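Single-structure report; data block below.
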Amino acid sequence: MMNMMGCLVVGLALATSAYAVDGGNPKKGKHLYKKTCKVCHSQGDVGGEMTPMTKTMSQWDRYFKRNKHKGNPEVFQQLSDKDKLDIQQFLYDHAADSDQPQTCG
4 MMNMMGCLVV GLALATSAYA VDGGNPKKGK HLYKKTCKVC HSQGDVGGEM TPMTKTMSQW
64 DRYFKRNKHK GNPEVFQQLS DKDKLDIQQF LYDHAADSDQ PQTCG
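So the sequence shown is numbered by the numbering used here: it starts at 4 and just counts up by one.
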């Protein structure tokens, strides 16, 4: 019974992470974030401060799924789908509730 419960917990954890970003390159995403996003999203700038720790993993998933970027849509639209996926992977991997939260300083 206990073994079955352990398998269920592991299965749920894997299912949750499977819903998350799939196929993004977090190293490239960090580079793109610093190059493209941080320009407007550093402290006191136009877009307001935004770091990976600004949101939880599920909030980042919803943000990208719903295409929530409203500040400077031209910049966001110029990114390829792969670039957006890489940025999403970086933000997800270092979100507030991740194993490795990060501010991207």
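No residue lacks a Cβ here, since even glycine has one placed at the ideal position from N, Cα and C. The model shown is predicted, which means the values in this text are computed figures rather than measured ones.
Three-state secondary structure assigned by DSSP to residue i
| i | result |
| --- | --- |
| residue 38 | helix |
| residue 82 | coil |
| residue 64 | helix |
| residue 100 | coil |
| residue 52 | coil |
| residue 105 | coil |
| residue 73 | coil |
Status (buried if at least 16 other CB within 10 Å, exposed otherwise) for residue i
| i | result |
| --- | --- |
| residue 96 | buried |
| residue 73 | exposed |
| residue 30 | exposed |
| residue 71 | exposed |
| residue 68 | exposed |
CA nearest to the CA of residue i, picked from the options
| i | options | result |
| --- | --- | --- |
| residue 43 | 100, 83, 75, 68 | 75 |
| residue 25 | 91, 81, 99, 106 | 91 |
| residue 27 | 88, 106, 53 | 88 |
| residue 52 | 80, 37, 32, 69 | 37 |
| residue 102 | 83, 59, 41, 49 | 59 |
| residue 82 | 39, 50, 45 | 39 |
| residue 105 | 65, 50, 57, 49 | 57 |
Closer than 7 Å: residue i CB and nearest the ligand ZN heavy atom
| i | result |
| --- | --- |
| residue 51 | Ligands are entirely absent from the displayed structure, and the ligand ZN is therefore not among its contents. |
Supposed contact pair residue j and residue i - C-beta distance, whole angstroms, cut 8 Å
| i | j | result |
| --- | --- | --- |
| residue 93 | residue 55 | 7 Å |
| residue 86 | residue 35 | 6 Å |
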